[in-house]
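Shown next, in structure tokens, is the structure this report addresses.
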Amino acid sequence: MSEKIIGVLGATGSVGTQALDVARERGYKVDLLFGNKNITKMESLAREFSPARVVMASEAAASSLRLALKDTATKVLGGRDALGEAIALSSAETVVNAVSGSDGLLPTLEVIESGKRLALANKESLVVAGDIVMESARQRGAQILPVDSEHCAIFQSMMSGSHGEIKSIILTASGGPFRDKSIEELESVTLEDTLAHPTWSMGQRITVDSATLMNKGFEIIEAVHLFGIPEDAIKVVVHRESILHSAVEYIDNSIIAEMSVPDMRMCVQYAVDFPERKSGVAAPLDLAAIGRLSFEEPRLDAFPLLSLARCAIFEGGAMPAVLNAADEVAVAAFLRGELRFADIARVVESTYLKLGEAAEITDLGGILSMDLEARAAAKEAVKAIIA
Ligand code: NDP
Ligand code: MG
């Protein structure tokens with residue numbers, strides 16, 4: 546059993562729950578938990594793992610949880626400002642950031658600031674403010690270990706050569722549930738169809754983003770920042786089986802890839818145990834049982850948000866933040882049943898086109914205000930479609 550100590554932000558969500566499953570299986574101590582409003586689940590996690598501190602995003606949620614945990618030694622703190630201090634005081638060596646959406650950005654910066662290792666699932670941190678996050682990590686000498694499965698695979702594949710020997714990154718995509726649907730058929734798919742991902746079980750927003758391929762677009766941006774590889778050297782390939790999690794192509798035309806069963810727990814375990822490898826929490830991969838692996842080009846005409854993400858990283862500044870904010874609003878409206886599937890791309894595209902001036906903005910305050918502006922514009926776009 547391991548002596549590792551971790552913190553988990555977004556502990557009650559899909560990745561957070563899987564990170565805690567790894568902790569349970571591998572015997573990691575859990576010193577810090579952070580959540581938003583799921584008090585019942587947080588109470589049971591706190592009772593199981595006995596962290597020194599639990600932080601809830603709002604003081605109201607913290608008050609209820611404090612009452613529920615009053616017979617325990619766990620200290621419950623509330624409000625966004627409490628998190629930075631709790632991270633700094635924590636004995637965790639690695640903090641897993643599995644908060645969803647751009648709300649994960651400030652926690653990412655706070656973990657980096659603390660000097661602890663950041664196991665990063667929250668890709669929005671890099672989409673919204675990748676330059677700032679990476680510069681902060683560079684200044685602090687902080688380690689960022691990617692938990693997103695593709696980036697975890699790329700991280701591992703990059704060890705086969707030097708940075709200068711890399712020709713391209715091959716980012717694999719399952720293609721989502723609608724990879725075979727025509728553009729006309731995409732107009733009538735339902736919420737239920739969208740949430741039925743063929744290979745991964747994830748939170749709702751990323752499941753919708755996987756169906757539109759917005760998620761793969763975000764992952765291009767994430768890879769540009771994490772690995773210092775230009776956007777035009779990152780290829781996307783649809784790989785239905787979700788076994789080969791991504792690859793690195795070297796200048797001698799060798800391709801080095803990582804393969805495993807699709808299980809996020811593997812990525813969390815890798816990020817915490819790195820540079821060691823320990824016996825796996827995830828199941829072994831039986832290649833003969835899989836039989837075949839397939840690869841094909843993505844259909845850019847049917848899934849326009851993939852190309853829009855390439856534009857956003859090319860245009861730079863706060864354009865990726867605008868893209869993310871518009872998508873968060875559009876996906877939330879889709880999940881509430883207010884938009885049809887094909888409307889998500891319409892809302893995101895129209896918001897993106899409206900806020901072109903964001904390309905000039907590079908400071909954190911400016912990026913966060915563009916995020917708010919993009920949300921307001923996207924809400925207007927949703928209203929216009931509903932009307
Ligand atoms: P979920 O929606 O399942 O979970 C989100 C978690 O974040 C919950 O614990 C939620 O708390 C918490 N949270 C949300 N907003 C706030 C906030 N403002 N302050 C504090 N906590 C907050 O998301 P996923 O687990 O699916 O995804 C998490 C991140 O990991 C995303 O960035 C996603 O892109 C990335 N990712 C996810 C993968 C997956 O397999 N699910 C794969 C690769 C990356 P509460 O429950 O209280 O609302
Ligand atoms: Mg991924």
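First residue of the sequence shown? That's 546 in the working numbering, and the numbers climb one at a time after it. All C-beta atoms in this analysis are idealised placements derived from N, C-alpha and C, irrespective of residue type, glycine included. Fair warning: this is a prediction, and the values are worked out from it, not measured in the lab.
For Y897, the uninterrupted alpha helix (DSSP H) run begins and ends at F886 to K899, by DSSP. Here DSSP, grouped into helix, strand and coil, assigns Y815 to helix. Contact between H790 and F840 does not hold, since their C-beta atoms are separated by about 13 Å, which reaches or exceeds 8 Å. For G552, the secondary structure class from DSSP, reduced to helix, strand or coil, is strand.
A direct Cα-Cα distance of roughly 6 Å separates A878 from L884.
The straight-line gap separating the alpha-carbon atoms of S799 and G660 is approximately 36 Å. Within a 10 Å sphere around the beta-carbon of Q684 sit fewer than 16 other beta-carbons, which makes this residue exposed. Secondary structure note for V783: its beta strand (DSSP E) is the uninterrupted segment I779 to V783. Assigned with DSSP and collapsed to three states, K586 falls in helix.
In terms of side-chain proximity, the C-beta atom of E695 is found nearer than 7 Å to a non-hydrogen atom of the ligand MG. In the DSSP assignment, E794 falls within the beta strand (DSSP E) that extends over L789 to Y795.
Distance from the Cα of G721 is smallest, within the candidate group M704, M864 and M747, for M747. Nearest Cα to F763 within the set H696, V600, A591 and K582: H696. In this structure, the ligand NDP has a non-hydrogen atom nearer than 7 Å to the beta-carbon of K582. E764 has its CB nearer than 7 Å to a heavy atom of the ligand MG. Going by DSSP, N642 is part of the beta strand (DSSP E) stretching over T639 to N642. DSSP, reduced to helix, strand and coil, places R598 within a strand of the structure shown. F579 is bridged by DSSP to L554 and V600. CA-to-CA, the gap between G911 and A863 works out to about 8 Å.
Residue pairing by DSSP places M804 opposite L789 in a beta bridge. C-alpha of F772 to C-alpha of V599: approximately 32 Å in a straight line. In this chain, the beta strand (DSSP E) harbouring G623 covers K620 to G623. Rounded to the nearest angstrom, the gap between the Cα atoms of V656 and L578 is 13 Å.
In the DSSP secondary-structure assignment, T717 is bridged to V782. Between S635 and A597, the beta carbon gap of about 7 Å places them in contact (Cβ cut-off 8 Å). Cβ contact annotation for L850 (same chain, cutoff 7 Å, sequence separation greater than five): T757, L758, M759, G762, A890 and V893, in chain order. In chain order, H770 and T907 place their CB closer than 8 Å to the CB of D676, counting only its own chain and leaving out the 5 sequence neighbours on each side.
By the C-beta density criterion, G555 is buried, having at least 16 other C-beta atoms within 10 angstroms. Around the beta carbon of L845, fewer than 16 other beta carbons lie within 10 angstroms, which makes this residue exposed. Around E588, the same chain offers L610, A613 and L614 as residues with beta carbons nearer than 8 Å, after the five sequence neighbours per side are excluded. Per DSSP, reduced to three states, the secondary structure at L731 is helical. Counting C-beta atoms within 10 angstroms of its own C-beta, P691 has 16 or more neighbours from the protein chains shown and is therefore classed as buried. If the five residues before and after F819 are omitted, its C-beta is found closer than 7 Å to the C-beta atoms of L690, all from its own chain and listed in chain order.
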